[in-house]
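As numbered in the working numbering, the sequence shown has no gaps in its residue numbers, which increase by one up to the final residue, 1570.
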Amino acid sequence: MYADHFGLKQAPFSIAPDPRYLFMSERHREALAHLLYGLGGGGGFVLLTGEIGAGKTTVCRCFLEQIPKRCNVAYIFNPKLTVIELMRSVCDEFHIPYPQREPGTATVTDYLDPLNAFLLSTHAVGQNNVLIIDEAQNLSADVLEQLRLMTNLETSERKLLQIVLIGQPELREMLARPGLQQLAQRVIARFHLEALSEAETVQYIRHRLAVAGLTGPIPFATDTLRRIHRICGGVPRRINLLCDRALLGAYASHKSVVDRRVVDKAASEVFDAEGNASASTASTRRGALGLALAAGLALGAAGWWAGRSFDPPPARVRPAIVADAATRSALPASAAAAAVSASVTSVPAVAASAVVTSSAVTSAAMPAAASAAETSASAVVAVDSVVPFDAKRAFERWPRQENEAWLALAASWKASLDANDRDPCRSLQARQLGCARMTTTLALIRQLDRPGIVTLREGNGPPAYALLTALDADSATLQIGTQATRLSLGALAVMWGGEFATLWRAPTAYRAPLVDGSTGPAVDALAKQLAVWSGEPAPASGRAIDTALKVRVAAFQRAQGLKPDGIAGPTTFMQLNRAAGVDEPRLSSAITTR
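Structure below.
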């Protein structure tokens, strides 16, 4: 209803688990790393807990995407079952045949024996089996005991069934009870998913708006964003509910910006009396949402799972898209965060999250604006083939020397480099190109919209380098030479720590960055581009960086989702170039094969 009013292509704050809106904060990545570590732990229980709406289902979806092809998965999202019903559901999920009995006459053995036979047969052919139970806080004590007994199914080498329990904080309290000590002792990895910080809340809101098609300033004032965080306590589902209602309220009031009054009114409607109070405690957060959110979460998870593309065993999981689980099994729990150190199209284009260094360009004329057709054409990379992603083969093929990736990147800018050049950035300066290195996110890379070098690591191994040439809603394309590999963003997250290097065209005599008192052609070019962007007449030449110009730079940065520090550095000029239509290579959403 309000999408057109705010320049959006779709509503950005739906509570449906749309993979295009996937947001992985540092906490989410740590949670995913713990699940992946537990997968290679040789059996037992893995525990993931968190508040309602904290993103447990998001992490679970990413986890399922990372499970290797040789692993069979059973997923149960309605655990309010008896022991018999649980055993029947597990067999159904694994597609295990079992004896058909009259109602009320079946026993645990009727399902346990076929399950044991299935686990042994799959183990014999090198397959693993994982049972995932969502909303596990609803499990009864006798069902938990049966799950513990199921982990006794083992060979002399390892346990045959890995069980992942996902639930609300009460699950931790349940496992701390004296009667469940034996089960608690079999938990090999556990993680409690906390809410987003204030900075992450802002990033989350910016990210969802960007995915929904927003290209201008975000329709929330800075103090309003802080207010949203305080009301929602950093819980993503609560943020979605509040922001959606606030945008609707602003639209109904014919406002282009959501102010605090609109947010408070929306909070009172969505959260009733709690909307005007801090959501600092877990019990308060859970109580306000009540059954409506619980039902929404269950329906969302059920809807997503019903549409899953997993095949029946022995290949019940999607094709392998990340490193084999064996490569992760050596990961210590204490190093979990390092294993999954990149966001998955999740963190927005905020320059505060990107540390940029740039090689100065001493003499580069700003090229004329290219047509949209020319810009689009420069983004399509011709390759011999696009192959499915195989992490092991990819790391064997990808270069270990960064210079090889710089050769490919330079070629996309129609610049040549010597293969033995030890300082490609210095050489590219002579070709009117500047280098920019940053630690950033996929969201900012989408916004910069240019190919670049990503640094990848397999576990704790040495780095490899690949050229990122395309980004879709749920996949990325990496290119080496004339062969491209397409992989999911979740797979990329496991290998990529945010290191990104790219090229850009700078104005004449640019020296990074432009600060107070700077003068010259680069400052003149900056002032002219800002004038074009704001629709004002071109200013006279010869001005210096002063407070007024810095305010204009900050306004542009804020509109682009960058840190509004007023300093015109490489990232700001990249966005100015993009806004002006400067002829630079662009990322593609499609790959052309020869």
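Built from N, CA and C at the ideal position, the CB exists for glycine as well.
- For R1422 and A1440, the gap between their C-alpha atoms comes out near 22 angstroms.
- Nearest neighbour of H981 by Cα position, chosen from A1501, A1485, L1190 and E1380, turns out to be L1190.
- In its own chain, leaving out the 5 sequence neighbours on each side, no residue places its CB closer than 8 angstroms to the CB of D1068.
- Rounded to whole angstroms, the Cβ separation of P1055 and N1114 is 5 angstroms, and the two are in contact under 8 angstroms.
- Nearest to A1009 by alpha-carbon distance, out of V1238, L1024, A1082 and S1065, is L1024.
- DSSP places I1052 in the uninterrupted beta strand (DSSP E) bounded by C1047 to I1052.
- The alpha-carbon separation between A1556 and D1425 amounts to approximately 13 angstroms.
- Contact between A987 and D1220 holds: CB atoms are separated by about 7 angstroms, below the 8 angstroms threshold.
- Residue environment: L1147 is assigned as buried (16 or more neighbouring CB atoms within 10 Å of its CB, all protein chains considered).
- Contact annotation: I1052 and D994 have beta-carbon atoms that are not nearer than 8 angstroms.
- With respect to L1418, L1454 sits apart: the two C-beta atoms are not nearer than 8 angstroms.
- Fully enclosed alpha helix (DSSP H) runs of no fewer than 4 residues occupy 1084-1100 and 1117-1126 of the stretch 1073-1147, in order along the chain.
- Between the C-alpha atoms of L1201 and S1392 there is a straight-line separation of about 46 angstroms.
- Excluding the 5 residues flanking it on each side, L1120 has same chain C-beta neighbours closer than 7 angstroms at L1156 and L1159, in chain order.
- Residues of the same chain with a CB within less than 8 angstroms of the CB of A1507, apart from the 5 flanking positions on each side, are P1513, A1514 and P1515 in chain order.
- Look at the beta carbons and you see the stretch 1034-1044 not touching the stretch 1064-1078: under three pairs across the two are nearer than 8 angstroms.
- Assignment of S1244 by DSSP, reduced to helix, strand and coil, places it in the helix class.
- For the pair L1468 and L1385, the CB atoms are not nearer than the 8 angstroms cut-off.
- Taking all protein chains shown into account, V1035 has 16 or more neighbouring C-beta atoms within 10 Å of its C-beta and is therefore buried.
- Straight-line spacing of the CA atoms in I1521 and D1541 works out to 13 angstroms.
- For L1169 against G1014, the beta-carbon gap comes to about 14 angstroms, at or over 8 angstroms, which does not count as contact.
- Closest option to D1399, judged by alpha-carbon separation, among F989, T1416 and N1379: N1379.
- DSSP, reduced to helix, strand and coil, places M1414 within a strand of the structure shown.
- Of V1233, V1529, V1470 and G1511, the smallest CA-CA separation from V1499 is found for V1529.
- DSSP places W1480 inside the beta strand (DSSP E), whose first and last residues are W1472 to W1480.
- Membership of Y1180 in the alpha helix (DSSP H) is indicated by the continuous run E1174 to V1187.
- The residue from R1214, S1451, L984 and T1083 with its alpha-carbon nearest to that of I991 is R1214.
- A straight-line Cα-Cα distance of about 15 angstroms links S1116 and M1126.
- Here the C-alpha atom of L1137 lies approximately 10 angstroms from the C-alpha atom of N1092.
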